[in-house]
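A.B. asks: Numbering (our numbering), first residue to last: 346 to 502.
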C-alpha cells in the first residue's frame with residue numbers, strides 16, 4: 346500500500362536498495378581485502394633481503410586489514426534487520442515465559458499474560474471476559490484498546 350509520499354504503509358522509507366548496496370560493497374571489500382592482506386603477510390614474512398621488505402608489501406600488509414574490517418562492517422549493517430528479527434524470534438518465547446512466571450499469569454506490561462480476564466492487573470475486571478479483537482496471526486483475544494497482540498506482538502490494525 347503506497348502513501349502519497351511513496352512509502353509503504355508503515356511510514357518508513359524503503360531500505361532494500363541500501364541494504365543490497367551495503368551487502369555488495371561488503372563482499373567486494375572482503376574479496377579484495379583478504380588476498381591483499383594475505384599477499385602482504387606472505388611477502389613481508391618471507392622476504393630474505395637485508396634491506397627490509399618492499400614498501401608495497403608493507404602497504405598491502407597494513408592496508409588489507411582495514412579493507413577486511415570495512416567489508417565486515419558493511420555486511421553487518423546490510424544484514425542488521427535480519428539479525429534483529431532472528432534474535433527477537435529466539436528471545437521472545439523465553440521473555441514471555443519469564444514474565445508469566447514472575448507475575449502469576451498477569452504479565453508485565455502485557456508481555457506474558459496467560460490469564461484472560463481483562464485489562465492488565467485490573468482488580469475490578471476479575472471474572473469478566475475480554476471483549477477485544479482476536480489476533481489474525483495467532484488467535485489470541487486481546488483487550489479492546491490493544492494495538493498489538495498480547496500473544497505474538499503482531500499489529501491488530
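The beta carbon of each residue, even a glycine, is placed where N, CA and C say it ideally should be. These numbers were taken from a predicted model, which means no experiment stands behind them.
1) By how many angstroms is the C-alpha of residue 425 removed from the C-alpha of residue 437?
2) Can you tell me the Cα-Cα spacing of residue 346 and residue 370, whole angstroms?
3) Shortest alpha-carbon distance to residue 378 belongs to which of 409, 385 and 401?
4) Going by DSSP in three states, residue 462 sits in which element: helix, strand or coil?
5) Flag this pair as touching only if the stretch 373-388 and the stretch 399-406 have three or more C-beta atom pairs under 8 Å; answer yes or no.
6) Between the alpha carbons of residue 389 and residue 407, how many angstroms are there, rounded?
C.D. replies: So, from the listed chains and residues:
1) 18 Å
2) Its pLDDT being 43, under 50, residue 346 is placed unreliably by the model, and the measurement read from it follows with that caveat. Between residue 346 and residue 370, the C-alpha separation is close to 30 Å.
3) 409
4) The pLDDT assigned to residue 462 is 48, lower than 50, so where the model puts this residue is not dependable; a value taken from the coordinates is nonetheless given after this. Residue 462: coil per DSSP, three-state reduction.
5) yes
6) 11 Å
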